[in-house]
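Enquirer: I am attaching a structure below and will ask some questions about it afterwards.
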Amino acid sequence: MYKKEARILIKEKRMKLSQAYIDAASEKIFEKLLQNEDFKNAKAVMSYMDFKNEVKTDKINDFIKNSGRILVLPKVIDKETMIAIEDKNQYIISPFGNKEPNGEEYRGNIDVIITPGVAFDRNKNRVGFGRGYYDRFFLKYPNAKKIAIAFEEQIIDEDIETDKYDKKVDILITENNIIK
Numbered sequence: 047m048y049k050k051e052a053r054i055l056i057k058e059k060r061m062k063l064s065q066a067y068i069d070a071a072s073e074k075i076f077e078k079l080l081q082n083e084d085f086k087n088a089k090a091v092m093s094y095m096d097f098k099n100e101v102k103t104d105k106i107n108d109f110i111k112n113s114g115r116i117l118v119l120p121k122v123i124d125k126e127t128m129i130a131i132e133d134k135n136q137y138i139i140s141p142f143g144n145k146e147p148n149g150e151e152y153r154g155n156i157d158v159i160i161t162p163g164v165a166f167d168r169n170k171n172r173v174g175f176g177r178g179y180y181d182r183f184f185l186k187y188p189n190a191k192k193i194a195i196a197f198e199e200q201i202i203d204e205d206i207e208t209d210k211y212d213k214k215v216d217i218l219i220t221e222n223n224i225i226k
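Heads up: the sequence shown is residues 47 to 226, going by the working numbering.
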């Protein structure tokens, strides 16, 4: 399936999800994430702040901070650049309308990158919003484990087209499955 086609199809599906489904599925995904060895052993974790019916991350982010680890969050700088900022509870609203951290760029190690996406296939290919922010960011942290979290509704059974810039995730966690 073409990326553009997957993006349109799954964005539409995701926007129709009920709040009850999102809450229940997000809780199951959180529980599965807690069992992941890479996540358990990570000292610095990049997560994100959910937006427009994405998997809820408040509980994940609170857990990371409350367990004494470093939580970093993404911030879009321009049309091609995303950086990580350590979460210090200072936020702004981005031009895209989502909440982002405010502060200086984090330059330390990141062990795990909790990765959002619009659509995924069962081979762990990811379709984002089409700007390539995460694919470029992964190049800065090649040793970080890329753990995608998504609803089953975001998984496409046929393969998604990729190009040389697209990076697969290492693990895909949904409310029903863990794909390694």
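We put the CB at the ideal spot given by N, CA and C, even for glycine.
Please report the distance separating the alpha-carbon of I193 from that of V158.
Expert: In the sequence shown, the residue the question calls residue 193 occupies position 147. In the sequence shown, the residue the question calls residue 158 occupies position 112. Rounded to the nearest angstrom, the two C-alpha atoms are 7 Å apart.
Enquirer: When the Cβ atoms of the region 150-169 are set against those of the region 119-135, are three or more pairs found closer than 8 Å?
Expert: yes
Enquirer: Between which residues of its own chain and I138 is the CB-CB distance below 7 Å, once the five residues before and five after are set aside?
Expert: Working through the sequence shown from its first residue, we reach residue 138 at position 92. Correct list, in chain order: E146 and N148.
Enquirer: Below 8 Å, how does it come out for the region 170-189 and the region 122-129: are there three or more Cβ pairs, yes or no?
Expert: yes
Enquirer: Is the distance from the Cβ of I228 to the Cβ of I75 below 7 Å?
Expert: This structure cannot settle anything about residue 228, because the visible part of the chain is limited to 47 through 226.
Enquirer: Run through DSSP, which three-state label would D124 get?
Expert: Here residue 124 is taken as the residue at index 78 of the sequence shown, counted from 1. If DSSP states are grouped into helix, strand and coil, D124 belongs with coil.
Enquirer: Give the single residue among K105, A88, A70 and N87 whose Cα lies nearest to the Cα of M95.
Expert: Position 49 of the sequence shown, counting from 1, holds the residue named residue 95. Nearest of K105, A88, A70 and N87 to M95, Cα basis: K105.
Enquirer: Give the DSSP-derived three-state secondary structure of E146 in the structure shown.
Expert: If you number the sequence shown from 1, residue 146 lands on position 100. Of the three classes helix, strand and coil, the one that applies to E146 here is strand, per DSSP.
Enquirer: Within the same chain, show all residues whose beta-carbon is closer than 6 Å to that of V215, passing over the 5 residues directly before and after it, in chain order.
Expert: Counting from one through the sequence shown, the residue named residue 215 turns up at place 169. Excluding sequence neighbours, V215 sits near T161, K170, R172, K192 and A194.
Enquirer: For a minimum of 3 consecutive residues, which ranges assigned as the beta strand (DSSP E) are wholly contained in the region 174-215?
Expert: 191-195
Enquirer: Just to check my reading of the structure: N155 and A196 have Cβ atoms closer than 8 Å, yes? What is that Cβ distance to the nearest angstrom?
Expert: Start at 1 with the first residue of the sequence shown, and residue 155 comes out as number 109. Start at 1 with the first residue of the sequence shown, and residue 196 comes out as number 150. Between A196 and N155 the Cβ distance is about 25 Å, and since that is not below 8 Å, they are no contact.
Enquirer: Assuming I68 contacts K102 (C-beta within less than 8 Å), just tell me the rounded distance between them.
Expert: Stepping through the sequence shown from its first residue, residue 68 is reached at position 22. Stepping through the sequence shown from its first residue, residue 102 is reached at position 56. Between K102 and I68 the Cβ distance is about 6 Å, and since that is below 8 Å, they are a contact.
Enquirer: With M92 as the anchor, note down where its beta strand (DSSP E) starts and where it stops.
Expert: Indexing the sequence shown from 1 puts residue 92 at position 46. First-last of the beta strand (DSSP E) with M92: A90 to M92.
Enquirer: With distance defined between alpha-carbon atoms, name the residue in E198, F166, N82 and E204 nearest to D212.
Expert: Within the sequence shown, the letter at position 166 stands for residue 212. Taking only the C-alpha atoms, the option nearest D212 is F166.
Enquirer: Between the Cα of R115 and those of P141, I206 and K86, spot the shortest distance and give me the residue it belongs to.
Expert: The sequence position of residue 115 within the sequence shown is 69, counting from 1. Per the Cα distances, K86.
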